[in-house]
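Input: a single structure, listed below in structure tokens.
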Ligand code: BDR
Ligand code: CA
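In the UniProt record's numbering, the protein residues as written are 4 to 314.
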């Protein structure tokens with residue numbers, strides 16, 4: 004089993020990503036670390052616990068990390084995910100298990116303990132940047148780092164050019180791209196925009212796993228409305244689960260290696276600038292995903308979520 008830490012900001016699509024991970028026998032989720040992003044960090048931790056309760060996996064520890072970006076003011080995405088981060092469903096909080104503090108040390112200690120660890124970051128990269136700055140030697144043996152964020156040719160979702168995770172904390176993102184010893188797999192909007200949970204697919208999930216289906220229907224209702232109003236998409240784009248699926252089956256996607264930097268100032272703040280033509284002649288630091296077999300992804304997602312044991 005592949006040992007993984009999921010660094011996240013749940014968040015509607017983060018929650019679906021966690022459910023996918025919990026129902027994937029290839030993965031051993033050793034911990035979930037929370038960063039401020041879609042919602043303030045304490046709310047993100049509450050939501051992660053709600054998902055673990057649903058998946059009957061409250062044995063997995065949840066650690067609280069950064070409360071604000073490295074330098075910039077914190078701007079949440081509660082307009083997209085709802086004030087509670089779960090589409091304003093106000094699902095009751097877990098009361099018998101608590102999130103712990105110390106996400107940064109947990110990440111660093113795990114890297115030392117498990118040299119073959121995979122880190123999947125599906126929120127802003129603040130926790131990762133802080134951990135890397137604090138103990139760079141812990142990161143020496145890391146080989147697999149997957150980040151949902153950025154946009155190579157696709158347009159942004161926070162500005163014409165910037166995607167939320169990198170826009171929320173561009174300084175952290177740029178630090179990670181410039182300092183991580185291994186290549187970052189960038190699961191950007193180029194590929195995640197192809198992953199749309201449509202009303203039909205949702206109905207199907209409801210039909211074959213009613214409890215899971217009604218939970219997913221409840222948390223995505225808000226997201227459906229948002230996508231229709233913003234982009235006239237029927238259904239909702241679920242970005243984060245693709246990062247989990249890629250960890251399990253990298254052949255779902257195609258991409259190329261390149262040198263990438265994240266803009267930290269000005270009008271293009273948070274933009275992922277990918278030197279696809281190798282103009283800078285810089286050593287490559289990223290693997291940029293450009294194509295996804297969305298049918299195969301959805302097949303995998305459905306198979307695992309819809310047939311997950313009823314909670
Ligand atoms: C990313 O931003 C968040 O709103 C989502 O959870 C996802 O991680 C997409 O831009
Ligand atoms: Ca996220």
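We put the beta carbon where it would ideally sit given N, CA and C, even for glycine.
Between the CA atoms of residue j and residue i - distance to the nearest angstrom
i, j, result
"residue 103", "residue 67", "6 Å"
"residue 64", "residue 55", "10 Å"
"residue 17", "residue 244", "7 Å"
"residue 307", "residue 277", "34 Å"
"residue 174", "residue 232", "31 Å"
"residue 185", "residue 247", "18 Å"
"residue 240", "residue 197", "7 Å"
"residue 101", "residue 176", "29 Å"
"residue 12", "residue 42", "7 Å"
"residue 1", "residue 8", "Summary: the structure shown does not reach residue 1, with the chain confined to residues 4 through 314, and so no result is reported for it."
"residue 314", "residue 73", "Its pLDDT being 45, under 50, residue 314 is placed unreliably in this model, and the value from its coordinates should be taken loosely. Residue 314 and residue 73: Cα-Cα distance of roughly 38 Å."
"residue 138", "residue 71", "20 Å"
"residue 283", "residue 131", "26 Å"
"residue 226", "residue 19", "12 Å"
"residue 24", "residue 204", "19 Å"
"residue 29", "residue 111", "23 Å"
"residue 296", "residue 118", "30 Å"
"residue 161", "residue 188", "21 Å"
"residue 212", "residue 285", "49 Å"
"residue 178", "residue 150", "13 Å"
Span of the beta strand (DSSP E) around residue i
i, result
"residue 85", "Run containing residue 85: none; DSSP gives neither H nor E here."
"residue 264", "256-265"
"residue 285", "From DSSP, residue 285 is part of no beta strand (DSSP E); its letter is neither H nor E."
"residue 190", "187-190"
"residue 277", "275-278"
"residue 32", "30-37"
"residue 74", "From DSSP, residue 74 is part of no beta strand (DSSP E); its letter is neither H nor E."
"residue 308", "Residue 308 -> not in any beta strand (DSSP E); alpha helix (DSSP H) instead, spanning 297-309."
"residue 124", "121-124"
Chain-order list of residues whose beta-carbon lies under 8 Å from that of residue i (same chain, five-residue window excluded)
i, result
"residue 316", "Outside the displayed span of the chain (4 to 314) sits residue 316, for which this structure offers no information."
"residue 97", "49, 52, 53, 55, 56, 61"
"residue 271", "162, 164, 165"
Unbroken alpha helix (DSSP H) run spanning residue i, endpoints
i, result
"residue 66", "First-last for residue 66: 65-67, but that is the beta strand (DSSP E), not the alpha helix (DSSP H)."
"residue 99", "Where residue 99 is concerned, there is no enclosing alpha helix (DSSP H), given that its DSSP letter is neither H nor E."
"residue 7", "That residue, residue 7, is in no alpha helix (DSSP H); its beta strand (DSSP E) goes 5-11."
"residue 154", "It is not in any alpha helix (DSSP H) - residue 154 carries neither H nor E in the DSSP assignment."
"residue 129", "129-137"
"residue 205", "202-211"
"residue 53", "44-57"
Anticipated Cβ contact below 8 Å, residue i with residue j, distance rounded
i, j, result
"residue 238", "residue 190", "Residue 238 to residue 190, Cβ: 19 Å. No contact."
"residue 127", "residue 258", "Going by Cβ atoms, the distance from residue 127 to residue 258 rounds to 22 Å, so no, they are not a contact pair."
"residue 215", "residue 208", "7 Å"
"residue 148", "residue 183", "6 Å"
Contact test: residue i Cβ vs ligand 3 heavy atom, cutoff 8 Å
i, result
"residue 242", "Here the bound small molecules are ligand 1 and ligand 2; ligand 3 is not part of this structure."
Residues of its chain near residue i, where Cβ-Cβ distance is below 6 Å and the 5 sequence neighbours each way are ignored
i, result
"residue 85", "91, 225"
"residue 279", "261"
"residue 21", "54"
Same chain, Cβ closer than 7 Å to residue i, neighbours up to 5 away in sequence not counted
i, result
"residue 169", "152, 153, 176, 265, 273, 275"
"residue 400", "No answer is possible for residue 400: it lies beyond the span of the chain, which begins at 4 and ends at 314."
"residue 256", "194, 249, 292, 294, 295"
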